[in-house]
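Working notes, structure below.
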Amino acid sequence: MMASVEFIVRIGLWFLLPPLLPGIVNRVKAWVAGRRGPPVLQLYYDLARLWRKGVVLSDLASPGFIAGPAVAWVAVAGAALLLPLGPLGSLLSFRGDVILLVYLLALARFCTAWAAMETGSSFEGMGAAREVSYAVLAEASVITAVLALSVQSGSVSLARMMEPAVGSGGVLLAAGLFTVLLAENCRVPFDDPATHLELTMIHEVMVLDHSGPPLAVILHGASMKLLLYALLLVQAVVPLGGLSFPAAVAVLAGGVLAVTVGVGLVESLLARFAFRRVPLLLTTAFLLCLFALLVAWNGGAA
Amino acid sequence: MSANSPFALLANATALPWAEVPEFAPEELVQATGKELDRGARLCSWFGLSEGPAVRLVALIAYDADNSLAVGRSRPFSGKYPSLAATHPQAHLFEREVWEQHGVMPQGHPWLKAVRRAGEAGPGVIDFFRVEGPEIHEVAVGPVHAGIIEPGHFRFQCAGEEVLHLEIALGYQHRGIEEALVGGPHRASLSQIETAAGDTTIAHTTAHAGVMEALAGAEPPLKAQWLRAIALELERLANHTGDLGAMAGDVAFLPTSAACGKIRGDYLNLTALICGNRFGRSLVRPGGCRVDLEPARIKTLAERLAVANAEADEACAWLWDAASVRSRFEHTGSVSTRQATEVGLVGPAARACGLVRDVRFDHPCGWHRFAQAPVAVWPGGDVFARARVRWLELQRSGRFVADELSNAPDGPVREPVEAPAPDTLAACLVEGWRGEVCHVALTGGEGRLRRYKITDPSFHNWTGVAIAMRSQAVSDFPLCNKSFNLSYCGHDL
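Same order as they appear, the protein sequences are chains A and B.
At position 165 of the first sequence (counting the first as 1) the number is 165 in our numbering, and the numbers step up by one without a gap.
If you count the second sequence from 1, you need to add 1000 to reach our numbering.
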């Protein structure tokens, strides 16, 4: 009984909270630019509006065009449920769950790319090609970061990996994971979520032909992924284990807020990178995670 | 250089009896024009003139170093003539245009096809240059774009992310302005000229007024010339600021992007302060200007200009200070000086290739005979250079307007203009913010317009965009395009 209630509460949290994050990012951007900006809750309004709308379907598209976003959302939601939430721990924990998490995120990406290819549009094919080629580099960083956590905690279960405080490798890991967060969530300097120029898009162009509820699912999934990475980053770096329950929750929430504001600030103050320079930055993120791994190997001493 | 020109010389914004324009056989005209272009002249305009069933070609060239223009014409002919574009690429669009309008075939033209329309199917529905190969993919963009911009079709031949070739198909905005002016000037003519390219209203109306005044043998009052020069620079300030902001927006650099959008509005409002319209509509009229600028408004204008100039300086400083912006701008969309000369680029795009090419300096007329801003030139030919030239011009035009505001001449702003002289040709070049705006008018026996030719700077520069994209990443196209920011309707007329 308790387990099912907890499951429902967790699903509810993951359902309701994530759209807040893009709202905060946009608020920060507007504040830096001296504009008033859209309401913080704008994404909620957008999702409600999209959910009520009809769907425009291409004659060329197979059912994969609709199934892709649905499977992708379920995969991200599954990954989210595996992630421990500070003092609440994780709903489901087993040996090697971290590998499942990484694979669920990869499955979500595969489905988005698949749905993009379904339309036969040259733009979407281009976007899928870009997304997948950057994902190769970003995934390497994620796995290295996971390895670092695993080595220092001596576990391959997320619940235990997040518990111990990270030593001096924490700074390296934070920098590496933050860069990966920007890349994985298609933020500046990798992608520009605000652009309307198809030729320069990565993620946005893949969902160009989606409309109505499938687009709502995609947008919600994207915000869920942003929250997931923010939580992962905060828990990998900030020691929450020794804190009391309310303090740990407050620190976790504060950490996520800080990461979100950080994304907004990066987006406000940095121009987007040229495509040919993106691999350079992702390789840097990989190296940061690799050094964090080396530090972990050395027993936490730099 | 112009001393032994076979063509008839004339200064900017002057007229010449049609009978005094030397006449050549078509192939001789092509040969003579080619020879003058080889000697450093520049093709400003090249158009056909119907003579019954036959066609006459008219060439207007500019000797920039000698501050003079020259005009030549062919005898009426029909059928074909040897192509000038085969040896001088700057003529390629002009020859396609003449072929489309008059049906005379330039033999040896490398890529002969319609400029604005392709028969019944409409613009853009034509054969495009194709690159073949298993790794090649074609990307078609437009005519409907994601932003609220004008329609145009872009066809990329790509190998992965690299663009091998870009072909641009325009013509969606063709409204027949030149045809509508025949038999004129009509009551609607000025409104039509004002909207030839809506963001270049002052430059186009000033060129038109220059032509009509030259045909009537009149000189506008000094104060009108002064006011036109100020309005022209305000137009430049507004558009350059908007462009720098848009280029920052294209690389997702928010600070400059957000600020420049606002400052552009401030500059536009300065034009509105002069004439009541942000784009300078109904300000310039043949014979002068429709409104005067009294000392009280000059003072307000100067104060608000100083604020806008300071804000633009600051917003641009953020742009130049950001290393991330510099890495995007540098070595993107490069056009070499040689390519720029060959395709006949004009305006900031040419000056960003190191070419000293500015009508205000080379062919001064109106107020620019008395007061000039330094020509802004930057080498490199890339997006960075084009942004830099705009920034230099922002500073110099800002200072120019501030200086000239304290230098207002006395007298009326408008005097009546007589009817145009019959059988006369007049030409006027004006340096609009995009580059050289060229108007050529020819009157018939009764003093009505027989042919009116408008050449917007975009007509010269679209080829530059296509060249800039060679071997660039396709994702850099919006940035390259914005760095030129050419007009679709100015090209399509």
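Note that CB positions come from ideal geometry on N, CA and C, so glycine has one too.
- Kindly indicate if chain A contains any beta-carbon less than 8 Å away from that of residue 1324 (chain B). yes
- Query: Of the residues B:1058, B:1026 and B:1377, which one's Cα is nearest the Cα of residue 1494 (chain B)?
  - Reply: There is no way to answer for residue 1494 (chain B), as the model of chain B reaches only from 1001 to 1493.
- Task: Assess, as a yes-or-no matter, whether the stretch 1073-1080 of chain B is touched by the stretch 1101-1108 of chain B under the definition of 3 or more beta carbon pairs within less than 8 Å.
- Result: yes
- How many whole angstroms separate the CB atoms of residue 1363 (chain B) and residue 1429 (chain B), which I take to be in contact at a CB cut-off of 8 Å? 5 Å
- Message: Is there a C-beta anywhere in chain A that falls below 8 Å from the one on residue 1251 (chain B)?
- Response: yes
- Task: Starting from residue 1474 (chain B), find everything on chain A with Cβ-Cβ shorter than 8 Å and list it in chain order.
- Result: 126 and 199
- Over the uninterrupted alpha helix (DSSP H) stretch that includes residue 1223 (chain B), give me the two end residues. 1222-1250
- Selection of the stretch 25-41 of chain A by Cβ proximity to chain B, strictly under 8 Å: 29, 32, 33, 34 and 35
- Cα-Cα separation between residue 1416 (chain B) and residue 1284 (chain B), rounded to whole angstroms: 13 Å
- Query: Are residue 1464 (chain B) and residue 1355 (chain B) touching if we call contact CB-CB under 8 Å?
  - Reply: no
- Message: On the CB-based measure, 16 or more other CB atoms within 10 Å of its CB, does residue 297 (chain A) come out buried or exposed?
- Response: exposed
- Unbroken beta strand (DSSP E) run spanning residue 1082 (chain B), endpoints: 1080-1082 is the span of the beta strand (DSSP E), which, as asked, contains residue 1082 (chain B).
- Message: Beta-carbon within less than 6 Å of residue 1051 (chain B)'s beta-carbon, same chain only, minus the 5 sequence neighbours each way: which residues are those?
- Response: 1076
- Nearest to residue 1449 (chain B) by alpha carbon, out of B:1399, B:1256, B:1186 and B:1477? B:1186
- Task: Kindly say whether residue 211 (chain A), judged by its beta-carbon, lies nearer than 8 Å to any beta-carbon of chain B.
- Result: Residue-level contact by beta carbon fails for residue 211 (chain A) and chain B, as no gap is shorter than 8 Å.
- Within 8 Å, strictly: CB atoms of residue 16 (chain A) and residue 216 (chain A): no
- For residue 18 (chain A), go through chain B and note every residue whose CB falls closer than 9 Å to its CB, in chain order. Within chain B, no residue comes near residue 18 (chain A); the closest Cβ sits about 23 Å away, beyond 9 Å.
- Message: Is it buried or exposed, residue 1368 (chain B), if we count other Cβ atoms within 10 angstroms and call 16 or more buried?
- Response: buried
- Check whether the Cβ of residue 189 (chain A) lies closer than 8 Å to any Cβ atom in chain B. It does: the Cβ of residue 189 (chain A) has a partner Cβ on chain B nearer than 8 Å.
- Quick one: list the residues of chain B neighbouring residue 284 (chain A), beta-carbon separation under 9 Å, in chain order. For the C-beta of residue 284 (chain A), not a single chain B residue is nearer than 9 Å; the gap to the nearest is close to 14 Å.
- To the nearest angstrom, how far is it from the Cα of residue 252 (chain A) to the Cα of residue 1327 (chain B)? One C-alpha to the other measures close to 36 Å.
- Query: Applying a beta-carbon distance threshold of less than 7 Å, which residues of chain B neighbour residue 183 (chain A)?
  - Reply: Under the 7 Å cutoff, chain B gives no residues; its nearest Cβ is about 14 Å from residue 183 (chain A).
- Task: Using 10 angstroms around the beta-carbon of residue 195 (chain A), count the other beta-carbons present and answer buried if the total reaches 16, otherwise exposed.
- Result: buried
- Simplified DSSP state of residue 1452 (chain B), which is helix, strand or coil: strand
- Query: Can you give the Cα-Cα distance for residue 1012 (chain B) and residue 1219 (chain B), rounded to whole angstroms?
  - Reply: 13 Å
- Stretch pair the stretch 1184-1198 of chain B + the stretch 1310-1328 of chain B: three plus CB contacts closer than 8 Å: no
- Please state whether DSSP places residue 1311 (chain B) in a helix, a strand or coil. helix
- Quick one: residues in its chain with C-beta nearer than 7 Å to the C-beta of residue 1034 (chain B), no 5 flanking neighbours on either side, listed in chain order? 1084, 1087 and 1088
- Unbroken beta strand (DSSP E) run spanning residue 1106 (chain B), endpoints: 1105-1107
- Query: Which partner residues does residue 1055 (chain B) have in the DSSP bridge list?
  - Reply: B:1050 and B:1077
- Item | Contacting residues, own chain, Cβ-Cβ under 8 Å from residue 257 (chain A) (five flanking each side not counted) | 24
- Message: Looking at the secondary structure, which residues open and close the alpha helix (DSSP H) in which residue 151 (chain A) lies?
- Response: 122-153
- Take residue 199 (chain A) as the anchor and find which of B:1458, B:1163 and B:1074 has the nearest alpha-carbon. In terms of Cα proximity to residue 199 (chain A), the closest of B:1458, B:1163 and B:1074 is B:1163.
- Item | Min CB distance residue 195 (chain A) to chain B below 8 Å | yes
- Task: Please state whether DSSP places residue 1031 (chain B) in a helix, a strand or coil.
- Result: helix
- Look at residue 184 (chain A) and residue 229 (chain A) and say whether their C-beta atoms are less than 8 Å apart. Yes, these two residues count as a Cβ contact at 8 Å.
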